[in-house]
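Numbering (this note's numbering), first residue to last: 2 to 184.
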């Protein structure tokens with residue numbers, strides 16, 4: 002891990018983020034309701050990934066219906082079983098999972114949002130380091146989404162295979178070469 006991250010976040014185990022996968026609209030109203038996303042306003046599946054500070058995808062959840070919250074997905078995905086006391090998890094401000102992390106003794110780190118004049122110098126450095134880690138997970142998601150199968154909504158005919166496709170794309174993203182991470 003680059004030195005500037007070690008200074009502020011030596012115990013970061015994983016950077017979490019989720020993505021929405023567009024799903025072809027179902028004719029069943031029940032299925033439409035279960036897969037609808039309030040955020041995206043369409044039918045989706047949600048997948049959670051964990052990325053190491055070096056950019057490798059180290060955790061891949063299955064895809065869940067779009068109506069589940071980030072907190073629900075984090076709880077049922079199995080990621081909490083892999084964390085140890087003292088681990089730090091980096092996530093975006095929308096991940097309201099500190100309570101879940103408290104149960105396993107882990108801590109949540111997220112960028113602080115204040116006016117630049119309100120930061121002390123040490124807070125500025127830490128916030129920049131955390132924000133850079135968030136960029137790493139965004140790049141990993143971009144690598145996963147570059148596979149053209151995600152360019153259009155997933156057909157319902159692939160619903161039984163979509164988790165395998167998702168998993169394979171996540172693993173293949175690790176083989177696209179290293180990220181450029183400056184010290």
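Every residue, glycine too, gets a C-beta built ideally from N, C-alpha and C.
By the 10 Å Cβ neighbour count, where 16 or more other Cβ atoms means buried, how is residue i classified, buried or exposed?
{"i": "residue 143", "result": "exposed"}
{"i": "residue 152", "result": "exposed"}
{"i": "residue 128", "result": "buried"}
{"i": "residue 162", "result": "exposed"}
{"i": "residue 86", "result": "exposed"}
{"i": "residue 98", "result": "buried"}
{"i": "residue 94", "result": "exposed"}
For residue i, which residues from the same chain have a beta carbon less than 8 Å from its beta carbon, with the 5 sequence-adjacent residues on both sides left out?
{"i": "residue 104", "result": "81"}
{"i": "residue 20", "result": "47, 48, 50, 142, 145 and 146"}
Could you tell me the alpha carbon to alpha carbon distance between residue i and residue j, rounded to whole angstroms?
{"i": "residue 69", "j": "residue 176", "result": "30 Å"}
{"i": "residue 61", "j": "residue 48", "result": "8 Å"}
{"i": "residue 11", "j": "residue 27", "result": "46 Å"}
{"i": "residue 133", "j": "residue 91", "result": "11 Å"}
Starting from residue i, follow the beta strand (DSSP E) in both directions and report where the run begins and ends.
{"i": "residue 18", "result": "13-23"}
{"i": "residue 1", "result": "What is shown of the chain runs 2 to 184, which leaves residue 1 out entirely."}
{"i": "residue 90", "result": "89-91"}
Determine the extent of the alpha helix (DSSP H) in which residue i is found, giving its start and end residues.
{"i": "residue 164", "result": "163-174"}
{"i": "residue 94", "result": "Segment: none, residue 94 is in no alpha helix (DSSP H) and carries neither H nor E."}
{"i": "residue 81", "result": "Here residue 81 belongs to no alpha helix (DSSP H), and DSSP marks it neither H nor E."}
{"i": "residue 101", "result": "99-105"}
Which same chain residues, not among the five before or five after residue i, have their C-beta less than 7 Å away from its C-beta?
{"i": "residue 63", "result": "164"}
{"i": "residue 88", "result": "12, 14 and 107"}
Once the 5 residues before and after residue i are set aside, which same chain residues still bring their CB inside 6 Å of it?
{"i": "residue 145", "result": "170, 171 and 174"}
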